[in-house]
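Novice: Keeping their order, the protein sequence lines are chains G and V. Numbering of the first sequence is given in my numbering, commencing with residue 1 and proceeding in unit increments. Numbering of the second sequence is given in my numbering, commencing with residue 63 and proceeding in unit increments. Glycine included, C-beta positions come from ideal geometry on N, C-alpha and C. Being a predicted model, the structure only gives us computed values, none of them experimental.
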Amino acid sequence: MSILAKLYQSFLYQRLVSILGAIILGGISSWVTQWADANFLTLYVFLPILAILAGIFSTWSP
Amino acid sequence: MVGTIRPVVYRDRQLLKWGIAANLHLLGSILAAIAIGFVVGLLGYWLIPYSEERWTLLYVILGISSIAYAFDEMGILRLPRPQRLKQVPASWRALFHPHITAILYGFGLGTGIATRIVSNLLYIVILGLFLHAHPAYAAVTFSLFGLGRGGSIIVAGWFIRNLHSGEELDLVLRRLAEGQNRVHAIAGVILATLGGYWGVEFYLTL
Numbered sequence: 001m002s003i004l005a006k007l008y009q010s011f012l013y014q015r016l017v018s019i020l021g022a023i024i025l026g027g028i029s030s031w032v033t034q035w036a037d038a039n040f041l042t043l044y045v046f047l048p049i050l051a052i053l054a055g056i057f058s059t060w061s062p
Numbered sequence: 063m064v065g066t067i068r069p070v071v072y073r074d075r076q077l078l079k080w081g082i083a084a085n086l087h088l089l090g091s092i093l094a095a096i097a098i099g100f101v102v103g104l105l106g107y108w109l110i111p112y113s114e115e116r117w118t119l120l121y122v123i124l125g126i127s128s129i130a131y132a133f134d135e136m137g138i139l140r141l142p143r144p145q146r147l148k149q150v151p152a153s154w155r156a157l158f159h160p161h162i163t164a165i166l167y168g169f170g171l172g173t174g175i176a177t178r179i180v181s182n183l184l185y186i187v188i189l190g191l192f193l194h195a196h197p198a199y200a201a202v203t204f205s206l207f208g209l210g211r212g213g214s215i216i217v218a219g220w221f222i223r224n225l226h227s228g229e230e231l232d233l234v235l236r237r238l239a240e241g242q243n244r245v246h247a248i249a250g251v252i253l254a255t256l257g258g259y260w261g262v263e264f265y266l267t268l
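1) From Leu12(G) to Arg140(V), what distance separates their C-alpha atoms?
2) Step through the CB atoms of chain V and report whether any lies within less than 8 Å of the CB of Ser61(G).
3) Report buried or exposed for Asn182(V), applying the criterion of at least 16 other Cβ atoms within 10 angstroms of its Cβ.
4) Residue range of the alpha helix (DSSP H) that Ile98(V) falls in?
5) Would DSSP call Val32(G) helix, strand or coil?
6) For His246(V), which of helix, strand or coil comes out of DSSP?
7) DSSP on Val180(V), reduced to helix/strand/coil?
8) I need the boundaries of the alpha helix (DSSP H) containing Gly12(V), first residue and last residue.
9) Go through its chain and collect everything with a Cβ distance to Val245(V)'s Cβ below 7 Å, but skip five positions before and after it.
10) Using CA coordinates, which residue listed in Ala83(V), Gly228(V), Ala95(V) is at the minimum distance from Ala201(V)?
11) With a Cβ-Cβ cutoff of 8 Å, do Arg250(V) and Ala132(V) count as a contact?
12) Measure the CB-CB distance between Ile98(V) and Thr173(V) and report whether it falls below 8 Å.
13) Count the other CB atoms, across all protein chains shown, that sit within 10 Å of the CB of His194(V); report buried if there are 16 or more and exposed otherwise.
14) For Phe192(V) and Val102(V), which I take to be in contact (beta-carbon distance under 8 Å), what is that distance rounded to the nearest angstrom?
15) Can you check whether the C-beta of Trp31(G) is within less than 8 Å of a C-beta belonging to chain V?
16) Let's see if you can read the secondary structure: which residues bound the alpha helix (DSSP H) around Pro160(V)?
17) Using a cut-off of 8 Å between C-beta atoms, extract the partners of Ser10(G) located in chain V.
18) Which residues of chain V have a Cβ atom closer than 7 Å to the Cβ of Phe57(G), listed in chain order?
19) Quick check on DSSP: helix, strand or coil for Gly137(V)?
20) When DSSP labels each residue in this structure, what does Gly241(V) get in the three-state scheme?
21) Mapping the DSSP letters down to three states, classify Gln145(V) as helix, strand or coil.
22) Hey, Ala51(G) and Phe207(V): beta-carbon distance below 8 Å or not?
23) Using the beta-carbon of each residue, which ones in chain V are nearer than 7 Å to Ser2(G)?
24) Should Ala254(V) be flagged as near chain G, meaning a C-beta pair shorter than 8 Å?
25) With contact counted as at least three CB pairs below 8 Å, one residue from each stretch, are the stretch 211-223 of chain V and the stretch 104-119 of chain V in contact?
What follows is the structure in structure tokens.
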């Protein structure tokens with residue numbers, strides 16, 4: 001197996017690709033939705049969703 | 063955590079008593095979250111001077127923090143995660159009436175920062191509420207954390223209501239714990255996406 005194939009299969013690589021992909025996706029979303037009010041989205045969509053998800057994810061604490 | 067809560071929210075296997083305890087738990091959780099949100103917003107109001115640059119500051123700090131905590135969530139970086147490593151004390155069950163215990167557990171868990179924190183989403187929410195510096199908005203928004211936390215315990219408690227032994231409960235809790243990696247991965251992707259969004263917004267405000 002080539003080094004590239006091993007790298008692709010490594011967990012670290014997959015996580016890095018996921019994060020970088022998500023950052024790019026978020027950036028593109030911001031760029032293409034300039035018609036939307038980012039302040040409004042941040043205050044009334046993103047932060048409330050993050051808050052409720054943070055609460056739900058707490059169920060997984062030991 | 064579900065293991066600690068479950069005997070309280072479903073004591074004696076009676077639906078009405080379970081319903082009362084569960085709702086008290088949810089109420090406690092939401093009230094504590096409102097209080098914490100208000101304090102965070104108030105601190106921001108006192109400490110951050112009002113200026114036109116506020117949104118720029120909010121976007122740059124939230125963007126950088128979200129991306130950094132996404133790396134932490136994925137286990138690539140290790141960042142400070144202020145939290146208390148204990149959950150609510152199990153001894154309260156013996157000390158208080160089950161309804162009092164349920165509401166106290168709700169208060170304890172609804173604060174968020176005074177207990178163990180599973181995902182970094184909470185830090186970004188607190189940071190956002192602090193930077194926006196509006197106590198009423200912060201109280202209302204953070205109440206959703208209490209709703210999510212208290213509500214999810216109720217949902218989990220409902221699904222494990224018919225377990226007959228400690229072994230069965232242990233098995234369910236072990237399965238729940240095994241899902242933690244997935245939770246971290248989802249939270250990491252969400253934070254990275256928002257980090258990218260806020261990063262570009264910061265660039266656009268320059």
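Specialist: With the given structure in hand:
1) Numbered from its first residue, the first sequence carries residue 12(G) at position 12. Numbered from its first residue, the second sequence carries residue 140(V) at position 78. The straight-line gap from Cα to Cα measures roughly 14 Å.
2) Locating residue 61(G) in the first sequence gives position 61, counting from the first residue. Judged by the 8 Å Cβ criterion, Ser61(G) is in contact with chain V.
3) The sequence position of residue 182(V) within the second sequence is 120, counting from 1. Buried, by the Cβ-count rule.
4) In the second sequence, residue 98(V) corresponds to position 36, counting from 1. Element bounds for Ile98(V): 77-109.
5) The residue you call residue 32(G) lines up with position 32 of the first sequence. Correct three-state label for Val32(G): helix.
6) Along the second sequence, read from residue 1 onward, the residue named residue 246(V) stands at position 184. Here His246(V) sits in helix by DSSP.
7) To locate residue 180(V), count along the second sequence from 1; it is residue 118. Val180(V) falls in the coil class under three-state DSSP.
8) This structure leaves residue 12(V) out entirely; chain V is present only between 63 and 268.
9) By one-based count along the second sequence, residue 245(V) stands at place 183. Closer than 7 Å at Cβ, skipping near neighbours: Val180, Ser181.
10) As a working mapping, residue 201(V) is identified with position 139 in the second sequence. Taking only the C-alpha atoms, the option nearest Ala201(V) is Ala95(V).
11) Against the second sequence, residue 250(V) aligns to sequence position 188. Against the second sequence, residue 132(V) aligns to sequence position 70. What sits at residue 250(V) in the sequence shown is Gly, not Arg. Closer than 8 Å, so yes.
12) Numbered from its first residue, the second sequence carries residue 98(V) at position 36. Numbered from its first residue, the second sequence carries residue 173(V) at position 111. Yes, Cβ-Cβ distance for Ile98(V) and Thr173(V) is below 8 Å.
13) Position 132 of the second sequence holds residue 194(V). Buried, since its Cβ has 16 or more Cβ neighbours within 10 Å.
14) Taking the second sequence and counting its residues from 1, the one referred to as residue 192(V) is at position 130. Taking the second sequence and counting its residues from 1, the one referred to as residue 102(V) is at position 40. The C-beta distance from Phe192(V) to Val102(V) rounds to 5 Å, short enough to meet the 8 Å contact threshold.
15) Here residue 31(G) refers to the residue found at position 31 when the first sequence is read from its first residue. Answer yes: the Cβ-Cβ gap between Trp31(G) and chain V drops below 8 Å somewhere.
16) Translated into the one-based positions of the second sequence, residue 160(V) becomes position 98. Unbroken alpha helix (DSSP H) run through Pro160(V): 160-172.
17) Sequence index remark: in the first sequence, residue 10(G) carries index 10 (1-based). Within 8 Å Cβ-Cβ: nothing; Ser10(G) doesn't reach chain V, min ~12 Å.
18) Residue mapping note: residue 57(G) aligns to position 57 of the first sequence, counting from 1. Those within 7 Å of Phe57(G) in chain V are Val180, Ser181, Leu183, Val245, Ala249.
19) As a position in the second sequence, residue 137(V) is number 75, starting the count at 1. Three-state result, Gly137(V): coil.
20) As a position in the second sequence, residue 241(V) is number 179, starting the count at 1. Residue state, collapsed to three classes: coil.
21) Counted from its first residue, the second sequence places residue 145(V) at position 83. In the structure shown, Gln145(V) sits in coil (DSSP, three-state: anything other than H, G, I, E or B).
22) Counting from 1 along the first sequence, the entry for residue 51(G) is found at position 51. Counting from 1 along the second sequence, the entry for residue 207(V) is found at position 145. Yes, Cβ-Cβ distance for Ala51(G) and Phe207(V) is below 8 Å.
23) As a working mapping, residue 2(G) is identified with position 2 in the first sequence. Neighbours of Ser2(G) on chain V: none; closest Cβ ~24 Å, over 7 Å.
24) One-based indexing of the second sequence puts residue 254(V) at position 192. Ala254(V) counts as touching chain G.
25) Touching, no, given that fewer than three Cβ pairs across the two stretches are closer than 8 Å.
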